[in-house]
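Undergrad: Sharing a structure, written as structure tokens. Questions coming.
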Amino acid sequence: MAVFHDEVEIEDFQYDEDSETYFYPSPCGDNFSITKEDLENGEDVATCPSCSLIIKVIYDKVRGSIYVWRNRVAI
């Protein structure tokens, strides 16, 4: 069983369209990341490549699409 550093809403992440990846700041100074494809496949854990922390990503998955309500972006 994983121990999460935090639980973070997907709308609090920054999205990079080129890499189709969501980023969120890690306490170590790097970023947690999770790809759009990971989310579409039901993954909900973002990892930081520089430290051992992981976070749970909170998002709604409706009819095969991920909706980011704050930014009104449907993925």
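Position in the sequence shown (from 1) plus 8 gives the number in the numbering used here. Here a beta-carbon is modelled for each residue, glycine too, at the ideal position from N, C-alpha and C. In this text, all values refer to a predicted model and were calculated from it rather than measured experimentally.
1. Please report the distance separating the alpha-carbon of G37 from that of I18.
2. Between Y23 and M9, what straight-line distance do the alpha-carbon atoms span, to the nearest angstrom?
3. Helix, strand or coil: how does DSSP classify E15 here?
4. To the nearest angstrom, how far is the alpha carbon of Y32 from that of F21?
5. For my contact list, V65 and I42 are in at a C-beta cut-off of 8 Å; report their separation, rounded to the angstrom.
6. Quick one: residues in its chain with C-beta nearer than 6 Å to the C-beta of T55, no 5 flanking neighbours on either side, listed in chain order?
TA: Based on what the coordinates show:
1. As a first step, residue 37 must be located in the sequence shown, where it is residue number 29. As a first step, residue 18 must be located in the sequence shown, where it is residue number 10. G37 and I18: Cα-Cα distance of roughly 19 Å.
2. Here the question's residue 23 lines up with position 15 in the sequence shown. Here the question's residue 9 lines up with position 1 in the sequence shown. The alpha-carbon atoms of Y23 and M9 are separated by roughly 28 Å.
3. Residue 15 sits at position 7 when you count from the first residue of the sequence shown. In this structure, E15 counts as strand in the three-state DSSP scheme.
4. Against the sequence shown, residue 32 aligns to sequence position 24. Against the sequence shown, residue 21 aligns to sequence position 13. About 5 Å.
5. Locating residue 65 in the sequence shown gives position 57, where the first residue counts as 1. Locating residue 42 in the sequence shown gives position 34, where the first residue counts as 1. Yes, V65 and I42 are in contact; Cβ-Cβ is about 6 Å, under 8 Å.
6. Residue numbering aside, residue 55 sits at position 47 when the sequence shown is read from its first letter. Here the set comprises I62.
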